[in-house]
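See structure below.
Here it is as structure tokens:
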């Protein structure tokens, strides 16, 4: 689908999000008790590296208001494309920016917006 087709679809068929090729990373973190500050510090190091990468748009780290939530931290980031994200993650892994935190489980996935208000 060409960009012009996506724009037409967004403007005339009621799918506004299709006008953008941006992707959203949603990464949920299961954080072991007592490791939250270490996880936040690691996220900050990753953010500092990734914000310099081509295709990066923005990121936000969210903390659950409930201390017993399964996913204590959730990262939501915007990238220009899946390829830009994957290339940046490859470079970050090669640079060993994100330290290993015992018991920390992350579950990342890329999403596209299909409806917006």
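In mature numbering (1 follows the signal peptide of the UniProt record, and there is no 0), the protein residues as written are -21 to -1, 1 to 96. Ideal Cβ positions, reconstructed from N, Cα and C, are used throughout, including at glycine. Values in this document were obtained by computation on a predicted structure and should not be read as measured data.
1) Which of helix, strand or coil does DSSP assign to residue 19?
2) Alpha helix (DSSP H) containing residue 70: first to last residue?
3) I'd like to know whether the C-beta atoms of residue 91 and residue 9 end up nearer to each other than 9 Å.
4) With a cut-off of 8 Å, do at least 3 Cβ pairs link the segment 42 to 52 to the segment 23 to 33?
5) Does the distance from the CB of residue 35 to the CB of residue 56 come in under 9 Å?
6) Could you name the residues of the same chain whose beta carbon sits closer than 8 Å to that of residue 66, not counting the 5 residues immediately before and after it, in chain order?
Reading from the atomic positions:
1) Here residue 19 is taken as the residue at index 40 of the chain shown, counted from 1. Reduced to three states, the DSSP call for residue 19 is helix.
2) For the purposes of this step, residue 70 is taken as the residue at position 91 of the chain shown. Residue 70 -> alpha helix (DSSP H) spans 61 to 74.
3) Translated into the one-based positions of the chain shown, residue 91 becomes position 112. Translated into the one-based positions of the chain shown, residue 9 becomes position 30. Residue 91 is not a Cβ neighbour of residue 9, given a cutoff of 9 Å.
4) no
5) Start at 1 with the first residue of the chain shown, and residue 35 comes out as number 56. Start at 1 with the first residue of the chain shown, and residue 56 comes out as number 77. Contact: yes.
6) As a first step, residue 66 is located in the chain shown; it is residue number 87 there, counting from the start. Here the set comprises 32, 33, 34.
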